[in-house]
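Inspection log for the structure reproduced underneath, given as structure tokens.
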Amino acid sequence: MAGLEHDSDWWKEAVVYQVYPRSFNDTDGDGVGDLQGVIEKLDYLDELGVDVVWLNPVYESPNADNGYDIADYRSIMDEFGTMADWEALLDGLHERGIALIMDLVVNHTSDEHEWFLQSRDPESEYHDWYWWREGVDADEVDWDAEEGPEGEAPPNDWGSFFGGPAWAYDEETEEWYLHLFDRKQPDLNWENTDVREEVFDMMQWWLEKGIDGFRMDVINLISKVEEDAPDDAIPEHYFNGPRIHEYIQEMNEAVLEGEDLLTVGEMIGDEMAMETARQYVGENGDGLSMIFHFEHMLLDRGHNIWEREELDLTEFKAVFDRWQHGLADDGWNSLYLNNHDQPRMVSRFGNDDEYRRESAKLLGTLLHTLQGTPYIYQGEELGMTNYPFESLDDYQDVDTVNPVQNAIDDGRIDSFAAVADDVRQNSRDNARTPMQWSADEHAGFTDGEPWMQVNPNHEHINAEAEREDPDSVFHYYRALIDLRKEHDVVVYGEYDQLTPDHEELWAYTRTHGDQQLFVALNFSDSSTTMDVSESVDLGDGEATLLLGNYGQREESAAADALASVDLRPWEARVYRLEN
Ligand code: TEU
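This is the structure:
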């Protein structure tokens, strides 16, 4: 199989495209996307101009969480095809100079994984591969048992991210096992050295097949402590736990080091100290290329799936400022506004109605002109929107259905109707509706019955229409990607924000040696004048408009005239300053 040659740090210059195979393209008519479906669209990806594909899990799985519950790390899910299909996909990507990174899901396995099945025997060496614990006397503790023997409560009060307790009782073993996600996703015990070795071997096995890196699922959860620290030194028991850096360094030494891979660790939780971030990705850190933090994803939603908050643009900008500066000289940012776990960015941060096209392009401009590596989630390049979900039956995601159903059952919410609007805006299912290829039936995604509803707006939002229209979001994304290839400053320039306190506008410069960019973004439905004369000296040279989302072509202006610019609703402009 043809491998790709990489320079070190090649991933800094790259643009990543995320494929959620279940919803990408179905070629065998079963209503579920497949690997041949991705192969069929390789020229499309090539035309867009991306450098890397991140493939969500394609391994054998009972699909309790769409492939994030893996039953065998070394085989391909039947619905998606065969290992030969996967190899053909890798070849097809590499022939086009596109790298492939695979999803590494090793905080947990499926409860149908052979390791877990074996572990249910307390005598087996596998027993210690998971978090099996005895229950406690329910009278002694203040948390409830929802299952298990009379009078027994789970070992502690941890809750699952998908609602309910994080412990499940197993009748056969007469013990409880930990599952931070669904009960069909038991957590692996990374304390056990055999677990770590087995995971590292498996990673090595995929690397030998020729892949170019990994996206590491919830990797900051793999180190856990059960005890409470006396002085609250451990605010949580599993976020960035005590041995996390040791484990990742060990993984680095065992498999990653010296391979010029793209590695991106998903790090869930609230605000992360920049020091911790640098420990993961900095020069003297654990060796990861990048992390996905969640800070900008938490500003407009409450803790629960049925809670939403108004987004404050100044707070949103402040999060980006913190990360842009925090990793400017040590480490590297990842840049994303949506993925398979998040609502569609144009519906969330833009205006998916009157200014859908403009705001989709503006958000793209932001992602492609900040410092870091941009990640495009499938359909983002078409300006795909959220889905008009109505009843709870319309949803399929465990992270939507379970928490809402639990909250209805125990009376924390009155009815689904009371929360329907907020759930509609927050649900992960928004991202999972099929890719819109054409105006045809089922958006050209499948000839069968799609596993998930197709958005009715595919009649006007689809890849075929976008490719034909020179002013489309698709062609604008191509131009954004080209910009990155043409100007080093886009990749390496230092970021300076000019409008931190403005509620609707965001202007910044990027500077790299004698190259400078000036970016102006209007995050609102009205025209506004942007005045940055106080905050920046734009010099007295020329300014060239490299890209604008109102169909502007290269235009020149006097740089100092930019100190006061009139911006139309959701207008985005990128200038090069010549001084
Ligand atoms: O996501 C981790 C994660 O934190 C999400 O579950 C997130 O909390 C939620 O989507 C916000 O609403 C990763 C995967 O990306 C996700 O698809 C998996 O379900 C999860 O891990 C478990 O593997």
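Numbered per this note's numbering, the sequence shown finishes at 705, counting up by one with no gaps.
Positions of the beta carbon are idealized from the N, C-alpha and C atoms, including for glycine.
Can you tell me whether Ile337 sits near ligand 1, meaning its C-beta is under 7 Å from at least one heavy atom of the ligand? Your numbering for residue 337 matches position 211 in the sequence shown. No, since every heavy atom of ligand 1 falls outside the 7 Å radius drawn around the Cβ of Ile337.
Roughly how many angstroms lie between the CA atoms of Gly175 and Asp343, to the nearest whole one? Within the sequence shown, numbered from 1, the residue matching residue 175 stands at position 49. Within the sequence shown, numbered from 1, the residue matching residue 343 stands at position 217. If you take the alpha carbons of Gly175 and Asp343, they lie about 26 Å apart.
Do Asp160 and Gly574 have their C-beta atoms within less than 8 Å of each other? For the purposes of this step, residue 160 is identified with residue 34 of the sequence shown, where counting begins at 1. For the purposes of this step, residue 574 is identified with residue 448 of the sequence shown, where counting begins at 1. The answer is no: Cβ separation not under 8 Å.
With 16 as the cutoff for other CB atoms within 10 Å, does Thr511 come out buried or exposed? Numbered from its first residue, the sequence shown carries residue 511 at position 385. Flag for Thr511 reads buried.
With contact counted as at least three CB pairs below 8 Å, one residue from each stretch, are the stretch 412-430 and the stretch 450-467 in contact? yes
Tell me the rounded alpha-carbon separation between Asp211 and Asp217. Sequence index remark: in the sequence shown, residue 211 carries index 85 (1-based). Sequence index remark: in the sequence shown, residue 217 carries index 91 (1-based). About 10 Å.
Would you list the residues sitting across from Ser460 in a DSSP beta bridge? As a position in the sequence shown, residue 460 is number 334, starting the count at 1. According to DSSP, Ser460 bridges with Thr499.
Expected contact under 8 Å - CB spacing of Leu609 and Leu673 to nearest Å: Translated into the one-based positions of the sequence shown, residue 609 becomes position 483. Translated into the one-based positions of the sequence shown, residue 673 becomes position 547. So it is a contact: roughly 6 Å between Cβ atoms.
Cα-Cα separation, Phe365 to Tyr521: Here the question's residue 365 lines up with position 239 in the sequence shown. Here the question's residue 521 lines up with position 395 in the sequence shown. Roughly 29 Å separates the two Cα atoms.
Taking the beta strand (DSSP E) that Ala684 belongs to, which residues open and close that run? Position 558 of the sequence shown holds residue 684. Ala684 -> beta strand (DSSP E) spans Glu681 to Ala684.
Pick out whichever of Val141, Trp136, Val145 and Asp133 has its Cα sitting closest to the Cα of His466. The count along the sequence shown starts at 1 and reaches residue 466 at position 340. Among Val141, Trp136, Val145 and Asp133, the Cα nearest to that of His466 belongs to Val145.
With DSSP as the reference, label Arg259 as helix, strand or coil. Taking the sequence shown and counting its residues from 1, the one referred to as residue 259 is at position 133. Reduced to three states, the DSSP call for Arg259 is strand.
How do the stretch 499-508 and the stretch 128-145 stand: do at least 3 beta-carbon pairs fall below 8 Å, yes or no? yes
Whole-angstrom distance between Ala444 and Gln562, CA atom to CA atom: To locate residue 562, count along the sequence shown from 1; it is residue 436. To locate residue 444, count along the sequence shown from 1; it is residue 318. Between Gln562 and Ala444, the C-alpha separation is close to 34 Å.
Who are the Cβ neighbours of Leu463 in its own chain at under 7 Å, not counting the five residues just before and after it? Sequence index remark: in the sequence shown, residue 463 carries index 337 (1-based). If we look at Leu463 and ignore the five residues flanking it on each side, its Cβ neighbours are Met471, Phe475, Leu489 and Leu493.
Say whether chain C places a C-beta atom closer than 8 Å to the C-beta of Asp657. Of the protein chains in this structure there is only one, and it is not chain C.
Note the first and the last residue of the continuous beta strand (DSSP E) segment covering Gln450. Counting from 1 along the sequence shown, the entry for residue 450 is found at position 324. Not the beta strand (DSSP E): Gln450 falls in the alpha helix (DSSP H), residues Leu439 to Gly452.
On the DSSP bridge list, what partners appear for Asn648? Position 522 of the sequence shown, counted from the start, is the residue given in the question as residue 648. Looking at the DSSP assignment, Asn648 forms a beta bridge with Leu631.
To the nearest angstrom, report how far apart Asn192 and Asn315 are at their CA atoms. As a first step, residue 192 must be located in the sequence shown, where it is residue number 66. As a first step, residue 315 must be located in the sequence shown, where it is residue number 189. Those two C-alpha atoms are separated by around 22 Å.
Ser187 and Arg558 - do their beta-carbons sit closer together than 8 Å? Looking up residue 558 in the sequence shown gives position 432. Looking up residue 187 in the sequence shown gives position 61. Contact: no.
For Arg554 versus Asp523, is the C-beta distance shorter than 8 Å? Numbered from 1 along the sequence shown, position 428 holds the residue referred to as residue 554. Numbered from 1 along the sequence shown, position 397 holds the residue referred to as residue 523. Cβ distance < 8 Å, so Arg554 and Asp523 count as in contact.
Taking 7 Å as the cut-off, is the beta-carbon of Arg470 closer than that to any non-hydrogen atom of ligand 1? What you label residue 470 is simply residue 344 of the sequence shown in a count that begins at 1. Not so, every heavy atom of ligand 1 lies at least 7 Å from the Cβ.
How many Å lie between Asp548 and Asn430 at the Cα? As a first step, residue 548 is located in the sequence shown; it is residue number 422 there, counting from the start. As a first step, residue 430 is located in the sequence shown; it is residue number 304 there, counting from the start. The alpha-carbon atoms of Asp548 and Asn430 are separated by roughly 10 Å.
Going straight from the alpha carbon of Leu518 to that of Arg538, what length do you get? Position 392 of the sequence shown, counted from the start, is the residue given in the question as residue 518. Position 412 of the sequence shown, counted from the start, is the residue given in the question as residue 538. So the two alpha carbons sit approximately 16 Å from each other.
If you follow the alpha helix (DSSP H) that Val527 is part of, which residue opens it and which one closes it? Locating residue 527 in the sequence shown gives position 401, counting from the first residue. Element bounds for Val527: Val524 to Asp535.
Can you tell me the Cα-Cα spacing of Ile607 and Asp263, whole angstroms? Indexing the sequence shown from 1 puts residue 607 at position 481. Indexing the sequence shown from 1 puts residue 263 at position 137. In a straight line, the C-alpha of Ile607 is about 59 Å away from that of Asp263.
What is the rounded straight-line gap between the Cα of Asn477 and the Cα of Ala294? The sequence position of residue 477 within the sequence shown is 351, counting from 1. The sequence position of residue 294 within the sequence shown is 168, counting from 1. Looking at the two C-alpha atoms, the distance is approximately 42 Å.
In terms of residues, what are the limits of the beta strand (DSSP E) holding Leu706? It is not possible to answer for residue 706, since the shown part of the chain is limited to 127 through 705.
Within 8 Å, do at least three Cβ pairs link the stretch 636-651 to the stretch 676-684? no
Examine ligand 1 and report whether any of its heavy atoms sits within less than 7 Å of the Cβ of His429. Numbered from its first residue, the sequence shown carries residue 429 at position 303. His429 Cβ: outside cutoff for every heavy atom of ligand 1.
Keeping to the same chain, check which residues put their C-beta closer than 8 Å to that of Leu333; ignore five residues upstream and five downstream. Sequence index remark: in the sequence shown, residue 333 carries index 207 (1-based). Cβ within range, chain order: Val381, Glu385 and Leu387.
Do Tyr199 and Met328 come within 8 Å of each other at the CB atom, strictly closer than that value? Working through the sequence shown from its first residue, we reach residue 328 at position 202. Working through the sequence shown from its first residue, we reach residue 199 at position 73. Yes. Within cutoff.
Determine the DSSP secondary structure at Pro81, reduced to helix, strand or coil. Here the chain has residues from 127 to 705 only, and residue 81 is not among them.
Distance between Phe446 and Met127 (C-alpha atoms, nearest Å): If you number the sequence shown from 1, residue 127 lands on position 1. If you number the sequence shown from 1, residue 446 lands on position 320. Bear in mind that a pLDDT of 49 at Met127, under 50, signals an unreliable position, so the model cannot answer this.
Beta-carbon spacing of Asn581, Tyr481 below 8 Å: Counted from its first residue, the sequence shown places residue 581 at position 455. Counted from its first residue, the sequence shown places residue 481 at position 355. It is not a contact, given that the beta carbons lie outside the stated cut-off.
Between the alpha carbons of Asn705 and His613, how many angstroms are there, rounded? Against the sequence shown, residue 705 aligns to sequence position 579. Against the sequence shown, residue 613 aligns to sequence position 487. Near 16 Å, if we compare the C-alpha coordinates of His613 and Asn705.
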